[in-house]
Structures are given as structure tokens and as C-alpha cells.
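**Student:**
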Amino acid sequence: MAVTKIFFNARLKVMMALAAAAGAVIALRLVDIQVLRHNAYLQMAERNRTQVLYQTAPRGRVFTADGVAVASNEPAFSLYYLGGNKDPEYLERLAHDFAPRLRLPAPLMLEKLQLGAKSGKATLLAENLSTKSTVALQELQLYYPGIYLIEETKRSYPYGGFASHLLGYLGSMDDRAWRTRDLKMGYRLNSKLGKNGIEKKFEKELKGKDGGVYLEVDYRGRVKSIIEDKKWGAGSDVYLTLNFAVQKAAEEGLKNSKTGRGAAVALDTRTGAVLALASAPAFDPNIFVQYSDEENPNQSKKINEYNLAVQGIYPPASTFKIITAAAALEDGHLDVDHKINCPGHYDSGPRVFKCWGTHGPVDFFSGMSNSCDVYFYTVASQIGAASIERVQRMFMFGRQTGIDLPGEKAGNLYGPTRRARNKTYWFIGDTLNLSIGQGELLVTPLKMAQFGAAVASRGNVYRPYYVDKIVSNQTGKTEQLGKTDILQKADLKPETYDLLFKALKYTVDNGTARRVKIKGLDVYGKTGTAQNPHGPDHGWFMAFAGRPGEEPSIAVAVFVEFGEGGSSAAGPIARSMLEAYFGLGAYAPKPRAAEDYKELLPEEHSHGGV
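So in the numbering used here, the last one in the sequence shown is 615, and the numbering has no gaps at all.
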């Protein structure tokens, strides 16, 4: 028992000695840190913090086919809080002074500062600041250590709403996007990314490789040195097939139309390339760059993202008479010289169908040029709806065009076969409605442009495409995306196409489509006025054109919602688009003034009477 007690006391003494020794070491260390080498350790503390400020790489630019940058970048600044003074009064004073200059609510500014002070990490306070707005901020920096400005770039759309439904817009990274994004691409919670259109579809290509500035800061948040300035790599450029002048003409025409609502599409009849694709009303994607989602959470509700060119479906009206004519010509039941009398109405037996006018005796060409309903009622009743449905299918009515755009509507094929599938009857009235493009038949403006291009190319139903190529700004490599793709061939007889061309040319020269008669061009076109039981009628105009002696090279389809007459509402827009494409009318190159040539003249010299 005594031995055990002695052993226990010995162990206790050893433990007490060790504890005393450890305490002495700690005490000596504290004396060393706080007294002997206080200044040295203070200097170390002041330089042992590194803050990283990420620099978003410039997004790739978007160009039209003729080289106009319709989405680019411009200089901008971001304001960061690097920590330092965490005193609540200091943070409140800082928020009070900076918030008005940043056009931010002071409480939101204070919340950001408090989060930054708590985390100790660099915190983004504001972004996309203009050079002009940073002048006052740079002065305030002198009085508030820990505030730092860094130069970046911001997205810019120089032409506002130009092709906005194609280009799309940017938005902030949200929690859902954060979870689904490849973090290796360098996304952060405050990153901007494509939310719609080309900006979304080509996000991976447009997004560059971000850079960053590594700063050495002291405990007050003051920058002591720049450790590393890691350069960014710009994103790849996307080249569209759009013709700037044609797209601009389409947009301005729709904006200035009777209702300001509608769509206009132009296609290259040789390739299917989209020369213009406009939907009105448009929106300005710059608003999403100017304000963050938290600053203006309801901004997306203020725009109309609905793209009428591919999502709006309407009866094609009298533009569809081209299909009815083609079906009759193919069946061999149509004598183009035979005249049919139009008394202003057609008696089908069960009911009377009216014509929009009283045209008297009309043949094929005058029937088309005057858009006489009675003429096409008569022809349709002779050939039957099945023939018309067959030609519809040849031109892919009731199916998507194949363009790579989200939300495209297929429209609605109208005919007895489809009606039979639904186990419902087909009546003579349905045939008459079908013959003039009314009833259940529905198309998009893009479908009508595709149809126009198919007629112009004598049967090539192209898949429309709007992106030509992508060019890397880092490697210089080009990825060719645009290519001609014929989805289907509408194999009508050559003489059928010949007669259609002649009738549509006659319609432009002498009939309802006279508004697109343009000197120096062969224009072929058809008007349409779609009946609307819910309000004013809709206006259509479909045309294709080429220079004399050449094959047509452009097809346009213009739709004005509630515009009533196609000739008056949609015709002027189609004309402007054609003039823009061929450089005619208001789009013709202006002759240079005499003073512009002075620089080209040789200097005058005096040779002393020689």
C-alpha cells in the first residue's frame, strides 16, 4: 500500500513538472510575440492575407453575315470590398456614402458589406460600372481602405433590340444553374450566363476563360501589392447568316406597322440561310446587363420573349392559293385560259360563300392577281380536297421547318385524310375554306418563308439555319456550322412551276401585290388577309425575287397581327426588305459628294508658264 502511494506521488510530481514546463514555454512564446518581436509579427500579420478578384473574360462577339457586331463588349468596372475594418458604424457610413453613387438601396449595400466583413473574403458590391461613374468612387477610395475597383468588360448590344429574339440575353447564375453547370468552366455565383437565344445556345463557346488579380492586403484591407495578374482569354465569336440591312428593314417595318405586332422572315432561296428573322414587339437585352437580378427581379416579366416568327400560328389566307393552283395544275384539270365568272359569291348548296369583291369573268392569271375567292372555290370543288392536301404534304405543311430554335410550332395540316384520322367528317365547306387558306389550316411566318423559298427554288424544301460559323479568339480555328440541307423535294412538273412563276409575277405587276413592284427586279408575290373571329383580320405578304435574267435569291414572308389587309399592312415591309437586300430604293448606295473626291485629285503645281 505504501509502495503504491509513493508511486502515485511520483507520477503526480512528473505531471506537474511537465505542465509547469509547458506553461513556461507558452509564456516565453507570448513574451516573444507581444514584446520582443512585436513589430516583426505585426508586419507578418499585415502581409499574410491574399484576396482573389476574378475578372470575367469578354464574351465572344456575335456578327451578322456582313460583319456588323450586334453583340459585343465594352469597358466596365467592378467594385469590391476587401474586408478590414469591421466596425458596424464604419460599415454603415461606407454604405451611406457609396450606395447613392451605385444606385443601390443603402440596406442592400450594407448587407453586402456585412457579409464580406463576416466572411473575410473579397465581396462584389457592384458590377458593370461605367468609366464615368467610377471617377467619384476613386476619390472615395482614398477615405475608405478595403474598397477596390477592378476593370473588366460588360456585354453590349449596340443596336438595342436588333434580332433580340435570336440573340437572347444574359442573366445571373442562380442556385439551380449553379448545381447543373460544369464548375470547371469557372462559373461563380455572380456569373452572367446566357438565358435565352444564341447567348444560351452557344454559352460554352461564347464564355471565355476568366482571369483574376491576386492581391496582398493588410489587416485593414489596404492593398500592399499585386501578387499575380492572371490574364483572361476571350470567348469565341459567332457569325450569323443574317443580313444586317434586311433584318433592320424588317424590324423597323414591323415596329412602324399599324399594330406594331407581327413577324417577318427572309431566306436565301439557294441555301435556306436565314437573312432576317424578326418578331415584334422586340426587347432590348441591354436591360439585363445594366441591372442585376437582385436589383430588378421582375425585369424578365417586362419583355416579350414570345417569338411570333416560329411560335405564332395563323391561317395563311390567300397566300395558300398557290398550293390550290399547284394542285389543279398537277391534276391537269385547270385550263389557265378558261374564264370563271365571279358574281361576288359562290353557292355551294348548303351555304353561300362570299368573295371579297365582284370580279366578273377571270382566268387563272387574273384570278391569282385579283385574289378572287370564287375562282379558287370553283377550282377546288372540281379537283377535290385530297389533291390540295397532297400538295400541302409535298411542301411539308403541318410539320416543323427544322430550324434549330426552341419552341417552334408545327402548325396544322388541313385535309380529309387528317380529318378521317380524327373520325370526323369532311364537308364541301371544308374544301372551299381550304382552297383559300382558311379553316383549320395554321402556319408560322417561318413556314411561309420556307414555302416561298421552295417555290422559288422549284421544289427544294430547305431546313432554315441562322448560324454560319464559330471562330475561336484563342486558337484562331474556325468551326463551320452552316450548311445547306434539303429536307424534301416538292416534285411538281416543270410546267407547273413555270405557270406559278408567271401568275405570281403577274400578281406583282398588275394585281394585289403591286406594292412590291420594284424597278430592276423580277418580283413574284401573293397577298393574304386572314380572317380573325376574335378581332381585326391579319395581314400576310409572301414574295420572292431576283435580278432580271437570274434565278430568285431571296424569299420573304411578312405577317402583321391585326393588320387587316395584307397588301397595305405587310406589303410595304416586304418591299423594304427586298430593297435592302438588293441595295435599291432607300437602300441604294448614295453617290459621293464632290468634296469627297478632293482627296483623290492630284495636287496642283505651278510650273512657271511651262
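Built from N, CA and C at the ideal position, the CB exists for glycine as well. These numbers come from a predicted model, not from an experiment.
For ASN291, collect the residues of the same chain with a Cβ closer than 6 Å to its Cβ; drop the 5 residues on either side in sequence, then sort them by chain order.
**Tutor:** TYR162, listed in sequence order.
**Student:** Three-state secondary structure (DSSP) at PRO596?
**Tutor:** In this structure, PRO596 counts as coil in the three-state DSSP scheme.
**Student:** Using a threshold of 8 Å, state whether the C-beta atoms of LYS107 and ALA127 are closer than that.
**Tutor:** Looking at the sequence provided, one finds Leu at residue 107 rather than Lys. Contact flag unset, no.
**Student:** Is the CB-CB distance between PRO286 and GLY317 below 8 Å?
**Tutor:** No, the pair does not count as a contact, with Cβ atoms beyond the cut-off.
**Student:** In the region 420–461, which residue ranges form an unbroken alpha helix (DSSP H) of at least 4 residues, counting only runs that do not cross its ends?
**Tutor:** Runs found: 421–426, 433–440, 450–461.
**Student:** Are the beta-carbon atoms of LEU154 and LEU172 separated by less than 8 Å?
**Tutor:** No. Outside cutoff.
**Student:** Using alpha carbons as the reference points, say which of GLN443, GLY407, GLY412 lies closest to LEU418.
**Tutor:** LEU418 has its Cα closest to that of GLN443, out of GLN443, GLY407, GLY412.
**Student:** Say yes only if the C-beta of ILE152 is nearer than 7 Å to one or more non-hydrogen atoms of the ligand MN, and no if none qualify.
**Tutor:** Only the bare structure without any ligand can be found here, which leaves the ligand MN out of the picture.
**Student:** To which residues does DSSP link PRO80 through a beta bridge?
**Tutor:** Paired residues: THR158.
**Student:** Where does SER477 sit, in a helix, a strand or coil, going by DSSP?
**Tutor:** Three-state DSSP puts SER477 in coil, outside helix and strand.
**Student:** What residue range does the alpha helix (DSSP H) around ASP336 cover?
**Tutor:** Counting along the chain, the alpha helix (DSSP H) containing ASP336 begins and ends at 326–336.
**Student:** Are the CB atoms of THR61 and GLU157 nearer to each other than 8 Å?
**Tutor:** It is a contact, given that the beta carbons lie within the stated cut-off.
**Student:** Using a Cβ distance threshold of 8 Å, determine whether the region 337–348 contacts the region 361–371, with at least three qualifying pairs required.
**Tutor:** The answer is yes - the region 361–371 touches the region 337–348, with three or more Cβ pairs under 8 Å.
**Student:** So, is VAL140 buried or exposed, given that buried needs 16 or more other C-beta atoms within 10 angstroms?
**Tutor:** Its Cβ having fewer than 16 others within 10 Å, VAL140 is exposed.
**Student:** Please classify GLY151 as buried or exposed, where buried requires at least 16 neighbouring CB atoms within 10 angstroms.
**Tutor:** Classification of GLY151: buried, given that the 10 Å Cβ count is 16 or more.
**Student:** Buried or exposed: which applies to VAL396, given that a residue is buried once 16 or more other Cβ atoms fall within 10 Å of its Cβ?
**Tutor:** So VAL396 counts as buried.
**Student:** Pick out the complete alpha helix (DSSP H) segments inside the region 480–523, 4 residues or longer, and give them in chain order.
**Tutor:** Entirely contained in the region 480–523, the alpha helix (DSSP H) runs reaching 4 residues are, in chain order, 499–515.
**Student:** Once the 5 residues before and after GLY121 are set aside, which same chain residues still bring their CB inside 7 Å of it?
**Tutor:** Cβ within range, chain order: TYR86, GLY88, THR128.
**Student:** Alpha carbon to alpha carbon, how far is GLY213 from LYS229?
**Tutor:** GLY213 and LYS229: Cα-Cα distance of roughly 29 Å.
**Student:** Give, in chain order, every unbroken run of the beta strand (DSSP E) that is at least 3 residues long and sits entirely within the region 74–154.
**Tutor:** List check, beta strand (DSSP E) in window: 74–86, 128–134.
**Student:** Please go through the same chain and pick out, in chain order, the residues whose beta-carbon is closer than 8 Å to the beta-carbon of ASN248, but skip the five residues on each side of it.
**Tutor:** Once the five neighbours on either side are set aside, the close Cβ partners of ASN248 are THR69, ALA70, ASP71, ALA271, LEU280, ALA281, ALA585, TYR586.
**Student:** In terms of residues, what are the limits of the alpha helix (DSSP H) holding VAL379?
**Tutor:** 378–388 is the extent of the alpha helix (DSSP H) around VAL379.
**Student:** Thinking just about the alpha-carbon of each residue, which of GLY226, THR532, GLY240, ASN201 is nearest to the one in LEU211?
**Tutor:** For the residues GLY226, THR532, GLY240, ASN201, the minimum Cα distance to LEU211 belongs to GLY240.
**Student:** Determine whether the beta carbon atoms of ALA390 and GLY420 lie at a separation below 8 Å.
**Tutor:** Yes, the pair counts as a contact, with Cβ atoms nearer than the cut-off.
**Student:** If you draw a straight line from the C-alpha of PRO348 to the C-alpha of GLY530, how long is it?
**Tutor:** So the two alpha carbons sit approximately 25 Å from each other.
**Student:** Could you tell me which uninterrupted alpha helix (DSSP H) segments, each at least 4 residues in length, are contained entirely in the region 165–250, listed from first to last along the chain?
**Tutor:** Runs of the alpha helix (DSSP H) inside the region 165–250: 169–172, 180–185, 202–206, 208–211.
**Student:** Could you check the C-alpha separation between THR422 and PRO469 for me, to the nearest Å?
**Tutor:** When rounded, the distance between both Cα atoms is 28 Å.
**Student:** Counting beta carbon pairs with one atom in the region 255–269 and one in the region 551–566, are three or more of them shorter than 8 Å?
**Tutor:** Yes, since at least three Cβ pairs between the region 551–566 and the region 255–269 fall closer than 8 Å, the two stretches touch.
**Student:** To the nearest angstrom, report how far apart ILE232 and LEU99 are at their CA atoms.
**Tutor:** When rounded, the distance between both Cα atoms is 27 Å.
**Student:** Can you tell me the Cβ-Cβ gap for ALA283 and ALA314, rounded? I've got them flagged as a contact below 8 Å.
**Tutor:** The pair is a contact, with the Cβ atoms about 7 Å apart (cut-off 8 Å).
**Student:** Going by Cα to Cα distance, which pick from PHE456, GLU116, LEU437 is closest to THR324?
**Tutor:** Nearest C-alpha to THR324: PHE456.
**Student:** Can you tell me which of GLY487, LYS359, GLU310, LYS414 puts its alpha carbon nearest to the alpha carbon of GLY166?
**Tutor:** Checked all of GLY487, LYS359, GLU310, LYS414; the closest Cα to GLY166 is GLU310.
**Student:** For ALA62, which residues does DSSP report across the bridge?
**Tutor:** Paired residues: none, contrary to the question.
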